[in-house]
Amino acid sequence: DVCSSDLLESALIFFLLQARNDQRYKSAKFRHRKLELEHGRNAIRLLRLHPKPLFGDGPIACELLHTSLEFAPPYTAISYTWGAPASYEVIQINGLEYKVSPNVYSVLRGKRSKGHNVILWIDSICINQEDGEEKTKQVALMRRIFEEASSTIAWIEDVDPTEAKLALDLLRKFDALEVIKRIETGLSSQEQKEWNALWKLMSSTWFERSWIVQEIAVAAKPVLRYGSEEMPWETFARAITNICLIGVRN
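The sequence shown begins at 3 in the numbering used here and counts up by one.
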């Protein structure tokens, strides 16, 4: 009848439009270009992270730049864990969609400025993960990439801001040696919360990575980032040393 015919026609139109949209989606995927020979054997990619829109949050938009270690603009290298491969977020690179891990997404969201571009090096984006030959060459350059970076961020993980502040506040106290007497007389409930937060920080899988020795040891200005809190790596290392020296056990 007429009604069934109209429903069938509507369903057909819907599926045709859906198929066309799916095809557009597939064709709109970002694909890495080969690193140009003109940049030599030290060619790398850098990610230019565009600022937040004036209103709202908006999608994360970036572009990939081709350059060499010798002529690269100042950039920040990111040391992080890749996270579970099963889940992903979508960003825009050169106007096209690109899938990234939730950890990388939190890095980009956290480093996006309100008024200017930010130049980053993130291995999962700046290295073509589908090109085995390129991966081998780029991994061989990673020590120099971190050496040449104007700064390096050890991105531990994205956590609740209150918890991150508790952990880093305790580290700052140990850096200034302000807590020894209080430890000798026992911990308050607030201080116990700080210790629990610090324990969670130090239990992060980031500290299990073998690459951190290379990435942080050669970095010019390493910074630890935990949630929305940042701390110079020198301060973090000094605080942990002080904890060990006074024999504190949680």
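For glycine and all other residues, C-beta sits at the position ideal for the given N, C-alpha and C.
As the structure is a computational prediction, the values presented were derived from the model and not from experiment.
Check	Outcome
I need the DSSP call for residue 164, collapsed to helix, strand or coil.	helix
Under three-state DSSP, which class holds residue 100?	strand
Compare the Cα-Cα distances from residue 88 to each of 226, 103, 32 and 236 and report the closest residue.	103
From the DSSP secondary-structure annotation, give me the bridge partner or partners of residue 232.	227
Compare the beta carbon distance of residue 66 and residue 47 with 9 angstroms and say whether it is the shorter of the two.	yes
Quick check on the burial criterion: 16 or more other C-beta atoms within 10 angstroms. Buried or exposed for residue 30?	exposed
Here's the rule I'm using: 16 or more other beta-carbon atoms within 10 Å means buried, otherwise exposed. How should residue 207 be labelled?	exposed
Below 8 angstroms, can you find three or more Cβ-Cβ pairs linking the segment 94-103 to the segment 217-225?	no
How far does the alpha helix (DSSP H) with residue 193 in it reach, from first residue to last?	191-204
Of all the options 128, 211 and 140, which has the alpha carbon lying nearest to the alpha carbon of residue 32?	128
Can you find at least 3 beta carbon pairs, one from the segment 186-205 and one from the segment 161-173, that sit closer than 8 angstroms?	yes
Determine the burial state of residue 58: buried for a count of at least 16 other Cβ atoms within 10 Å of its Cβ, exposed for fewer.	exposed
Report the option in 36, 176 and 137 whose CA atom is closest to the CA atom of residue 2.	The displayed coordinates of the chain run from 3 to 252. Any statement about residue 2 would go beyond what the structure contains.
Which value, in whole angstroms, describes the spacing of the CA atoms of residue 333 and residue 156?	Outside the modelled stretch of the chain, which goes from 3 to 252, sits residue 333, for which no answer is possible.
Within the chosen definition, does the segment 74-88 reach the segment 35-42 through at least 3 CB pairs nearer than 8 angstroms?	no
Exposed or buried, residue 148, counting other C-beta atoms within 10 Å across all chains shown (16 or more means buried)?	buried
If you drop the 5 nearest sequence neighbours on each side, which residues of the same chain put their C-beta closer than 8 angstroms to that of residue 179?	244
Per DSSP, which one or two residues make a beta bridge with residue 31?	99
Please report the straight-line C-alpha distance between residue 248 and residue 134, rounded to a whole angstrom.	48 angstroms
Excluding the five sequence neighbours on either side, which residues of its own chain have a C-beta within less than 8 angstroms of the C-beta of residue 126, listed in chain order?	84, 102, 103 and 106
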